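If you're matching them up, the sequences are chains A and B in order. Numbering of the first sequence is given in the numbering used here, commencing with residue 1 and proceeding in unit increments. Numbering of the second sequence is given in the numbering used here, commencing with residue 1001 and proceeding in unit increments. Cβ coordinates follow ideal geometry from the N, Cα and C atoms, glycine included. This one's a predicted model, so the numbers in the text were calculated from it and none came from an experiment.
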Amino acid sequence: MAYQDGYLSDLVGRSAVLPNGTTIGRVTDFVVGKPDDAFPRIDGFVIKTKAGQRYSPIAQIGSIEPHGTVTLTVAPEAEPAAEEQALYLIKDLFDKQIVDVDGRKVVRINDLEIANTGGTLRVVAADIGVSGLLRRLGVGRVAPQVLERVPRSLIAWDNVAPLTDVNPSQVQLSVSGSRLSRLHPSDLAEIITDLSAQDAARVVKSLDDETAADAFEHLDSDTQKTLIDDIGTERAADIVSEMDSDDAADLLGELDADQRAELLSQMDDKAYAGELSELVQYEPDTAGGLMTTDYVWIYPHRTTAATIAKLREIAPESEFIYYLYVTDPNRKLLGVISVRKLLLALPTAFIHKLMDVDLVSVSPDVSAEDVASTIARYDLLAVPVLDEEGRVLGIVTVDDAIDAIIPEKIAHSLPRFTRHHKKNPVAAG
Amino acid sequence: MLPADPIPGAVVERFPPGRRSRFVRTALLVAGILGPGFITASAGNDVGGIATYSLAGAQFGYRILWTLIPITIALIVVQEMAARMGVVSGKGLAALIREEFGVRIALVTMLGLFVMNTFTTSAEFAGIASASEIFHLSRYIAVPLALVLVFLFVLRFNDKIVERTFVVLSLIYVTYIFSGIEAHPNWGEVARGTLLPTLDLKDPAYIGMIVGLIGTTISPYMQFYLQTAVVEQGARPGGLLGTRIDVINGSILGIVVAAFMIIANAATIYVFNQAHPQHPIVIAQAADVAKALEPLAGRFAETLFAFGILNAGLFTATVLPLSTAYLICEAMGFEASVSRKFSEAPVFFSLFFAGLVIGAALVLIPGVPLLKVAFYSQVLQGLLLPFELVLMLIIINRIRVMGKHRNSLAANIVGWSTVIIVGAIALFYTAQQIQSGGS
Chain A
1 MAYQDGYLSD LVGRSAVLPN GTTIGRVTDF VVGKPDDAFP RIDGFVIKTK AGQRYSPIAQ
61 IGSIEPHGTV TLTVAPEAEP AAEEQALYLI KDLFDKQIVD VDGRKVVRIN DLEIANTGGT
121 LRVVAADIGV SGLLRRLGVG RVAPQVLERV PRSLIAWDNV APLTDVNPSQ VQLSVSGSRL
181 SRLHPSDLAE IITDLSAQDA ARVVKSLDDE TAADAFEHLD SDTQKTLIDD IGTERAADIV
241 SEMDSDDAAD LLGELDADQR AELLSQMDDK AYAGELSELV QYEPDTAGGL MTTDYVWIYP
301 HRTTAATIAK LREIAPESEF IYYLYVTDPN RKLLGVISVR KLLLALPTAF IHKLMDVDLV
361 SVSPDVSAED VASTIARYDL LAVPVLDEEG RVLGIVTVDD AIDAIIPEKI AHSLPRFTRH
421 HKKNPVAAG
Chain B
1001 MLPADPIPGA VVERFPPGRR SRFVRTALLV AGILGPGFIT ASAGNDVGGI ATYSLAGAQF
1061 GYRILWTLIP ITIALIVVQE MAARMGVVSG KGLAALIREE FGVRIALVTM LGLFVMNTFT
1121 TSAEFAGIAS ASEIFHLSRY IAVPLALVLV FLFVLRFNDK IVERTFVVLS LIYVTYIFSG
1181 IEAHPNWGEV ARGTLLPTLD LKDPAYIGMI VGLIGTTISP YMQFYLQTAV VEQGARPGGL
1241 LGTRIDVING SILGIVVAAF MIIANAATIY VFNQAHPQHP IVIAQAADVA KALEPLAGRF
1301 AETLFAFGIL NAGLFTATVL PLSTAYLICE AMGFEASVSR KFSEAPVFFS LFFAGLVIGA
1361 ALVLIPGVPL LKVAFYSQVL QGLLLPFELV LMLIIINRIR VMGKHRNSLA ANIVGWSTVI
1421 IVGAIALFYT AQQIQSGGS
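Here it is in structure tokens:
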């Protein structure tokens, strides 16, 4: 089949003729059977004839004249597949919103670029720019030189995550999900915030639990709440299980009591659920509310070599490993040792000889400001939170303490890397 | 290994949430009750609306009040459709028009919306100019001041604050009710005028006024604004009832405010003109009403009315250019948010600045006929409304957009008849305006 690369807007609406020259209708749409491919193949054309919609498989497309007619080898007989069985490029994608994974934003498809690769037509890119709009408006036919001057903006199709529920029977969004998981969690959260509630829920459903949890940690509480309503507590429980305890507790604290109980009861990790329900009790702006239970504790009578070996084993699971907290079996805090000190010490040295016993700690009801000033005064990366008996409840890390005291406006103007724990992505509209 | 001793997992009730203070919570609650429906209805009572309602009261007295009842029904039907589309699809009307009808129809609609809303913005600034002249402030100071105020307001604060401020500004519309009471109307006459329809078919001015009232009460940008606001609010199909109640409340409250504007003018200017047919008070624009009220209803009524015009002007001059820029970007696929930098959303900010600055500049150019500008904005509105309503009705009947929430047969009958009547009247009004504008 002779066809040069081009745009779909240029193909749609063309007359379909038989080899003997009789016109039988117009090309109205294009069918893709496997939308999950990186560059999906067009399997056939939809022709609108006097008798109704007909389907012409690609093998029956004889030739496509440049700016002319589409010649079919035989008259199409079959009716096109039902809407939910296949992806219809015009009906399902033209003018619809997609996520540009590379550019990290939600955009609208103005046109689709297709290429002839070894005899098959494939969708290669989405046109999201002004030139696509102008082409759709027919500027190309009236004033082609204008169209050529407008810079193009195309997104390669393997960077496109469609949002429309195009093919529910084939779990179509798995492809969107895997493409979206390439985004930084805070960018993904910002995109989710930009979407309509329905699209946002659909996107979250398509993500794996871990990616969804990372994104959730960066969402504001209103968005979190509406999403949980939309995806259901069962899925939400899976996502919360993967979240850091401080963020998970913040989220749970915003839910009403019934919903929270339901969500916690549906978590598979009962120990973590118990921990979270404990954390939820603390006021958000106190050490208890800020702390995470994700810290590393070690025994005093081990050697540095044994401890380092142990650390190597658990570090991938743990967010904060720069301070190791030395405790007795009851979790009573005995001392603290930094990773730096651990690495510089002799392998045979014992922890209890090395550890710092001049302890700085806070109680769970201390205000966020006081936690932050404690961390600042002693130049710490984290401060442990102890109960009345001196047992470790959790730790507050420096970034969470800063987040809690910096007004939102300033937090936004800080460089991106300082916003790792940003709680309120920019709202749309 | 992590400290994994399971802490006994009882779910304990949390202490009263402390992140937000009680005051803020209460404010949010009020804003929640006075939802998008209320804000939209308030935005509908703009400077042009004040002029029309005042004129209606001043020329025809209480006997025109009954028309507000059918107008309310039509307004509720149209606004409910917009809100339902927002709730079910999760998309704004501009986005839906683009997705369902393609680039061309979307572009035509958006161009019409931009021109219409820019002219209307200009009418708002004209209101600001004439109202501030009542307070002895030159328009060459007042209009630039208002422009800067709108700029700062939109660009300096985040979306949430802007929205809450709109709610508070909407509440100021209640002052018209006080103006109406202050004018000491004859309540018996008010009741009769509201409940007894009188239709004088021989009086073209009377018919023209009814048409004008419909035209100014149901304007296209209200459906666009409401649907976007409902989507932004995150309403769900499950909460459709709440959204409907909000829309009905908002529409009724908006019309009650309009009714009191008519009453205030009927009780003062109309009554005065009946008593003094030789030297009648002539009302040409909104600020004339405030001036006319001073000797009749006292300094307080004048100040309230002038303040109301200022508020309406500022409110709508902010809402219109902002929402227009947002809608166009929504339909055409450009980045749109006031929280972005200019370089991140250049089209959005350019459209916003253009709408605002052109709107304000038209008022300041000496010799620009402001009444003509207001007139052309009305004409465009009249042409766009039927077009937009038909698009809405087509979309709201599509299964793939609305699912089980698409219009029922009964809703379609009510919807189409409203659309045909309102559309026909809008076209008639427009034709009439063109005729009178041409003479």
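Straight-line gap, residue i to residue j (C-alpha atoms, nearest Å)
i	j	result
B:Cys1329	B:Ser1323	10 Å
B:Gln1378	B:Gly1359	15 Å
B:Leu1380	A:Ile98	33 Å
A:Leu432	A:Asp247	The structure shown has nothing for residue 432 of chain A, since chain A only spans 1 to 429.
A:Ser169	B:Arg1400	For A:Ser169, the predicted structure reports a pLDDT of 44, less than 50, and the residue's modelled location is therefore unreliable. The matter cannot be settled from this model.
B:Ala1123	B:Asn1249	27 Å
B:Val1012	A:Leu183	Confidence is the limiting factor: at B:Val1012 the pLDDT is only 29, short of 50, which leaves the residue's position unreliable, though a coordinate-based value still follows. The alpha-carbon atoms of B:Val1012 and A:Leu183 are separated by roughly 36 Å.
B:Phe1101	A:Ser131	19 Å
B:Leu1075	B:Pro1386	14 Å
A:Asp209	A:Gly288	26 Å
A:Gly430	B:Ile1263	Within the shown structure, residues of chain A are numbered from 1 to 429, placing residue 430 of chain A beyond reach of any answer.
B:Asn1407	B:Leu1240	14 Å
B:Ala1049	B:Met1261	Going by the sequence as given, residue 1049 of chain B is Gly instead of Ala. If you take the alpha carbons of B:Gly1049 and B:Met1261, they lie about 10 Å apart.
A:Pro144	B:Ser1138	51 Å
A:Ser277	B:Ile1421	59 Å
C-beta contact flag for residue i and residue j at 8 Å
i	j	result
A:Asp194	A:Thr286	no
A:Val336	A:Val371	no
B:Met1085	B:Ile1396	yes
A:Asp127	A:Asp111	yes
A:Ser361	A:Leu333	yes
A:Val32	A:Ala115	no
A:Val76	A:Arg41	Looking at the sequence shown, residue 76 of chain A is not Val but Pro. Going by C-beta atoms, A:Pro76 is not nearer than 8 Å to A:Arg41.
A:Leu137	B:Arg1098	no
A:Ser56	A:Gly68	no
A:Val17	A:Val27	no
A:Ala213	A:Glu190	no
A:Gly253	A:Val280	yes
Assigned secondary structure, residue i (DSSP; H/G/I helix, E/B strand, else coil)
i	result
B:Ala1391	According to the sequence shown, residue 1391 of chain B is Leu rather than Ala. Looking at B:Leu1391 - three-state DSSP - the assignment turns out to be helix.
A:Phe94	coil
B:Ser1417	helix
B:Glu1294	helix
A:Gly62	strand
A:Val27	strand
A:Val360	coil
B:Arg1022	Unreliable placement is indicated for B:Arg1022, whose pLDDT of 44 sits below 50; the coordinate value is still reported in the next sentence. Helix, per DSSP.
A:Val204	helix
B:Val1271	helix
A:Thr226	helix
A:Arg54	strand
A:Asn116	strand
A:Tyr88	strand
A:Leu380	coil
A:Pro127	Inspection of the sequence shows that residue 127 of chain A is occupied by Asp rather than by Pro. Of the three classes helix, strand and coil, the one that applies to A:Asp127 here is strand, per DSSP.
A:Gly6	strand
A:Leu154	strand
Local Cβ density within 10 Å of residue i, reported as buried at 16 or more and exposed below that
i	result
A:Asn330	exposed
B:Asp1200	exposed
B:Val1024	Any reading at B:Val1024 must be qualified, since the residue scores a pLDDT of 45, below 50, and its modelled position is unreliable; the value itself is stated next. Exposed: under 16 other Cβ atoms inside 10 Å.
B:Gln1278	exposed
A:Thr23	exposed
B:Ala1266	buried
B:Leu1096	buried
B:Asn1117	buried
B:Pro1295	exposed
Beta-ladder partner(s) of residue i, from DSSP
i	result
A:Arg41	A:Arg122
A:Ser338	A:Tyr323
B:Ile1245	Paired residue(s): none; B:Ile1245 is not in a bridge.
A:Pro162	A:Ile98
B:Ile1255	According to DSSP, B:Ile1255 bridges with nothing at all.
A:Thr49	A:Gly25 and A:Gly52
*Select from the segment 51-85 of chain A all residues with a C-beta closer than 7 Å to any C-beta belonging to chain D, and list them in chain order.*
Reference to chain D is not applicable here, since the protein chains of this structure are A and B.
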